[in-house]
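Undergrad: Protein chains in written order, with my numbering: chain A, 1 to 413; chain B, 1001 to 1413. The structure is given below, and queries will be raised subsequently.
See below:
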């Protein structure tokens, strides 16, 4: 059945968003709430009160994720929904937090309307998805759940001020030696609602998307070296100019992704020139390539095209080319049965959706290690995120929560 | 006549180069000799002894240029040769210093062989051509001679450590209030021998070039602004990516100069990206354009083509475009009669030459304000300069000095 009659009160949702967003408030609409900070402690305490008030059993796990549990009458593996409570420095009120509130509102409404489910439902507030305090530790909370956190990480990971994550954990009452206890092997499905963080829904005029894949992503650092020389005295035809090579390569890579069409993306976000002087042909240009595609074959083709273009340009221009892969994340496919379930729920509710790949990374891609997953995207104003200006309307948010609640109902009741 | 029999002793020239290069020696072949430093004082003191030993009347002018004068029997305006004694930090033994030594060796040999000239010959050691101590004061010595230094400059120009140039002058016994006294209005011709600093002579297999023009040069700083967004969540077709615009513009500008052919050059030497993060579509890319051409019409065409391309790309890609001209130096033409004289002298001496424009700036372009000028270039190994590795062979240097001496003979005897 579609829980079309399930009452999701928009003004109530808005109140929750504002109340949670007040913890770590930064300027007008900003939120600055990093993991294991006083604001993080306060936010999870508020969520714990809300969870308890709605009849959920609350516990904090060994890494600091907060769980609210509604046990099912038939036991078995859990159906989980949630997202991360940490923000950028500063971020806004929606990135992460909205997924926790959506899960809470949905499970609370389901319990009030339908009572105890057959299968166990859980709401989760994950920690340090962003890596905004510990830059090498993004997906810290979800990685602990899937067992991908290594025991030694607690002693090697440090924040921007040099504080070890083990010490930050102790400060909030967590024992870093017990981080392994956060592992779960009893989650059947993870459904995460999140803001889109892009302009696709807005451009399409739709409130909600069903995410069928999380893109694969490769970050490469490339250094092109030439021969540093006098900008006036060296004729163009005798130069080995790494800036000329970089410009041709950057144009070519960006054009390649553009011509391949959505959802291929390639971004040159960082570029450093040496010696970086106006009247000197550079010695070297170092840059990063962020290239993403959720389809394995097309991704391989995108990367191969990029690599071949760089080799060809460097060779033709007599430039040295060194490149190293900083990281390479495989794409993750949503579970087809969950995608179908979400599409079906939206259809029954007459909520128009599109199906898309996520170009951003999410906790869901970690949860994919141990559970089926799918995601719901809610339209972002101007496609913005990671900024106090990020915004989604209450109408769109309620539409997303209704799809989520309907899917959880189908799975758990 | 060609002074083909004039003896220029290569080993003697080499000894002078090494002895002057030892003052401020930096590593193996480097020289670090900035204006008004102890090394600068010591270098000019050595030159003064050499000038006096060769029978020249020595004086230091109000800005610190050192002059060695061989009075002519008929008076009138002087025929001057020389270059700058200051170096990069570090530079090598040849850039600047070679032009002083060449003038000294030529005038000394002419006096020894032919006695007093009809017209006055002068050798000059100019100061702070490079701007290597006072970055805003390049051509400081030659500008004082032509009267282009403003009185207030002595109080506003500061070095990398914040020392005012007035105080640096006082430290070496110069009165900054008297800088106006360095002005000369009695120079008929200035002939400067300099290393090429480029690869054109080496590529042509020739020792010496006659310089018919000093290129015109424009430095422009350009800022392209787009919309900063998530590198994963924003499709290529909805981006306003200033890096894509920059890459297309840089490629186009460099290709334009390349296609126009020698001596057009365009260099993108400096580029700064904000926020410069791997996974973020940049907000802005700021870069400099160094574009040069010695021909007024072609230079206008080069700049117009550059400007039109930038406007077109920025408009098509929806990017903000701000550009400001940092400086714009007009080209300077050598005096045709001096170019003809130098070519004729080289021909009589059977020294093969080519005629070219200088792509670098030189004191000669300042002296052009008050005198006819021409330059002689000596082949640079690998086209290098502004580095301890710069090198020219004694054979090539002697060839250049012979052309210089012959031209000075024709002008002054």
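Glycine included, each C-beta is placed from N, C-alpha and C at the ideal position. This one's a predicted model, so the numbers in the text were calculated from it and none came from an experiment.
Helix or strand or just coil, what does DSSP make of residue 1008 of chain B?
TA: Taking the first residue of the second chain as 1, we reach residue 1008 of chain B at position 8. The answer is coil: DSSP assigns residue 1008 of chain B none of H, G, I, E or B.
Undergrad: Where are the alpha helix (DSSP H) runs, 4 residues long or more, that stay fully inside the stretch 350 to 381 of chain A, in chain order?
TA: Complete alpha helix (DSSP H) runs here, min 4: 363 to 367.
Undergrad: So residue 67 of chain A is in the beta strand (DSSP E); what residue range does that whole segment cover?
TA: Position 67 of the first chain, counting from 1, holds the residue named residue 67 of chain A. Taken as a continuous stretch (DSSP letters only), the beta strand (DSSP E) holding residue 67 of chain A covers 66 to 70.
Undergrad: Using DSSP with H/G/I as helix, E/B as strand and the rest coil, what is residue 1386 of chain B?
TA: Counting from one through the second chain, the residue named residue 1386 of chain B turns up at place 386. Coil at residue 1386 of chain B, not helix or strand.
Undergrad: Would you say residue 201 of chain A reaches chain B, if we count a Cβ-Cβ gap shorter than 8 Å as a contact?
TA: As a working note, residue 201 of chain A is residue 201 in the first chain. For residue 201 of chain A, the answer is no, since every Cβ of chain B falls outside 8 Å of its Cβ.
Undergrad: Rounding to the nearest angstrom, what Cα-Cα distance links residue 43 of chain A and residue 188 of chain A in this structure?
TA: The residue given as residue 43 of chain A occupies position 43 in the first chain. The residue given as residue 188 of chain A occupies position 188 in the first chain. One C-alpha to the other measures close to 27 Å.
Undergrad: What's the gap between the Cα of residue 1400 of chain B and the Cα of residue 1288 of chain B?
TA: The count along the second chain starts at 1 and reaches residue 1400 of chain B at position 400. The count along the second chain starts at 1 and reaches residue 1288 of chain B at position 288. Cα to Cα, residue 1400 of chain B sits roughly 35 Å from residue 1288 of chain B.
Undergrad: For chain B, check one thing: does any of its Cβ atoms lie closer than 8 Å to the Cβ of residue 238 of chain A?
TA: One-based indexing of the first chain puts residue 238 of chain A at position 238. Residue 238 of chain A counts as touching chain B.
Undergrad: Kindly say whether residue 1209 of chain B, judged by its beta-carbon, lies nearer than 8 Å to any beta-carbon of chain A.
TA: Within the second chain, residue 1209 of chain B is the residue found at index 209, counting from 1. Taking Cβ atoms only, chain A never reaches closer than 8 Å to residue 1209 of chain B, which makes this a no.
Undergrad: On a Cα-Cα basis, can you pick out the residue from B:1018, B:1403 and B:1138 that is closest to residue 1046 of chain B?
TA: Position 46 of the second chain, counting from 1, holds the residue named residue 1046 of chain B. When each option's Cα is compared against that of residue 1046 of chain B, the closest is B:1018.
Undergrad: Buried or exposed, going by whether 16 or more other CB atoms sit within 10 Å of the CB of residue 1168 of chain B?
TA: Taking the second chain and counting its residues from 1, the one referred to as residue 1168 of chain B is at position 168. With 16 or more Cβ atoms within 10 Å of its Cβ, residue 1168 of chain B is classed as buried.
Undergrad: Within 10 angstroms of the Cβ of residue 302 of chain A, are there 16 or more other Cβ atoms? Answer buried if so, exposed if not.
TA: By 1-based counting over the first chain, the position of residue 302 of chain A is 302. Residue 302 of chain A comes out buried.
Undergrad: Are the Cβ atoms of residue 1032 of chain B and residue 1089 of chain B separated by less than 8 Å?
TA: Taking the first residue of the second chain as 1, we reach residue 1032 of chain B at position 32. Taking the first residue of the second chain as 1, we reach residue 1089 of chain B at position 89. Going by C-beta atoms, residue 1032 of chain B is nearer than 8 Å to residue 1089 of chain B.
Undergrad: Are the beta-carbon atoms belonging to residue 1229 of chain B and residue 383 of chain A less than 8 Å from one another?
TA: For the purposes of this step, residue 1229 of chain B is taken as residue 229 along the second chain, with counting starting at 1. For the purposes of this step, residue 383 of chain A is taken as residue 383 along the first chain, with counting starting at 1. Against a cut-off of 8 Å, the Cβ pair of residue 383 of chain A and residue 1229 of chain B comes out as a contact.
Undergrad: Verify whether the separation of the beta carbon atoms of residue 364 of chain A and residue 375 of chain A is less than 8 Å.
TA: The residue labelled residue 364 of chain A in the question sits at position 364 within the first chain. The residue labelled residue 375 of chain A in the question sits at position 375 within the first chain. In this structure, residue 375 of chain A lies closer than 8 Å to residue 364 of chain A by Cβ.
Undergrad: Quick one, which of B:1060, B:1309 and B:1319 has its alpha-carbon nearest residue 1225 of chain B's?
TA: Within the second chain, numbered from 1, the residue matching residue 1225 of chain B stands at position 225. Residue B:1319 is the option with its Cα nearest to residue 1225 of chain B.
Undergrad: What does residue 1288 of chain B reach in chain A if we use C-beta pairs closer than 8 Å?
TA: Walking along the second chain from the start, residue 1288 of chain B turns up at place 288. Within chain A, the residues near residue 1288 of chain B are 278.
Undergrad: Nearest to residue 156 of chain A by CA position, among A:297, A:137, A:404 and A:148, is which residue?
TA: Reading the first chain from its first residue, position 156 is the one you call residue 156 of chain A. Comparing Cα-Cα distances from residue 156 of chain A to each of A:297, A:137, A:404 and A:148, the minimum goes to A:137.
Undergrad: Would you say residue 1227 of chain B and residue 1064 of chain B are within 8 Å of each other, going by their C-beta atoms?
TA: Within the second chain, numbered from 1, the residue matching residue 1227 of chain B stands at position 227. Within the second chain, numbered from 1, the residue matching residue 1064 of chain B stands at position 64. The answer is no: Cβ separation not under 8 Å.
Undergrad: Would you say the stretch 93 to 112 of chain A touches the stretch 142 to 153 of chain A, given that touching needs at least three Cβ pairs under 8 Å?
TA: Flag = no, the stretch 93 to 112 of chain A and the stretch 142 to 153 of chain A do not touch.
Undergrad: I want to see whether chain A comes within less than 8 Å of residue 1135 of chain B, judged by CB atoms only; does it?
TA: Translated into positions along the second chain, residue 1135 of chain B becomes position 135. False, the Cβ-Cβ gap to chain A never drops below 8 Å.
Undergrad: Enumerated in chain order, which unbroken segments of the beta strand (DSSP E) with a length of 3 residues or greater are wholly contained in the stretch 198 to 281 of chain A?
TA: Entirely contained in the stretch 198 to 281 of chain A, the beta strand (DSSP E) runs reaching 3 residues are, in chain order, 208 to 214, 216 to 225, 265 to 267 and 271 to 274.
Undergrad: Taking the beta carbon of residue 211 of chain A as the centre, do at least 16 other beta carbons fall within 10 Å, making it buried, or is it exposed?
TA: Residue numbering aside, residue 211 of chain A sits at position 211 when the first chain is read from its first letter. That one is buried.
Undergrad: So is residue 366 of chain A buried or exposed if we call it buried at 16+ other beta carbons inside 10 Å?
TA: Position 366 of the first chain holds residue 366 of chain A. When all chains shown are included, residue 366 of chain A counts as buried.
Undergrad: Does DSSP put residue 1162 of chain B in a helix, a strand or coil?
TA: Position 162 of the second chain, counted from the start, is the residue given in the question as residue 1162 of chain B. Reduced to three states, the DSSP call for residue 1162 of chain B is coil.
Undergrad: Any C-beta of chain A within less than 9 Å: which residues of the stretch 1221 to 1252 of chain B qualify?
TA: For the stretch 1221 to 1252 of chain B, which is checked against every Cβ of chain A, the residues closer than 9 Å are 1221, 1227, 1228, 1229, 1230, 1231, 1232, 1233, 1234, 1235, 1236, 1237, 1238, 1239, 1241, 1243, 1244, 1246, 1247, 1248, 1249, 1250, 1251 and 1252.
Undergrad: Taking all protein chains shown into account, do 16 or more other C-beta atoms lie within 10 angstroms of the C-beta of residue 1152 of chain B, making it buried, or fewer, making it exposed?
TA: Translated into the one-based positions of the second chain, residue 1152 of chain B becomes position 152. Exposed.
Undergrad: Please tell me whether residue 1069 of chain B and residue 1057 of chain B are closer than 8 Å, where the distance is taken between their beta carbons.
TA: Residue mapping note: residue 1069 of chain B aligns to position 69 of the second chain, counting from 1. Residue mapping note: residue 1057 of chain B aligns to position 57 of the second chain, counting from 1. It is a contact, given that the beta carbons lie within the stated cut-off.
Undergrad: Can you give me the C-alpha to C-alpha distance between residue 150 of chain A and residue 16 of chain A, rounded to a whole angstrom?
TA: The sequence position of residue 150 of chain A within the first chain is 150, counting from 1. The sequence position of residue 16 of chain A within the first chain is 16, counting from 1. Approximately 35 Å, taken between the alpha carbons.
Undergrad: In chain order, what residues of the stretch 264 to 277 of chain A put their CB closer than 9 Å to some CB of chain B?
TA: So the close ones are 264, 265, 266, 267, 268, 269, 270, 271, 272, 273, 275, 276 and 277.
Undergrad: Which same chain residues end up closer than 7 Å to residue 328 of chain A when comparing Cβ atoms and leaving out the 5 residues on each side of it in sequence?
TA: Here residue 328 of chain A is taken as the residue at index 328 of the first chain, counted from 1. The residues are 218.
Undergrad: Using a Cβ-Cβ cut-off of less than 7 Å, list which residues of the stretch 280 to 314 of chain A approach chain B; keep chain order.
TA: Of all residues in the stretch 280 to 314 of chain A, 280, 281, 282, 288, 290 and 292 have a Cβ within less than 7 Å of some Cβ in chain B.
Undergrad: Go to residue 1319 of chain B, then tell me how far its beta strand (DSSP E) extends in each direction, as first and last residue.
TA: Along the second chain, read from residue 1 onward, the residue named residue 1319 of chain B stands at position 319. Premise fails: residue 1319 of chain B is in no beta strand (DSSP E) and is neither H nor E.
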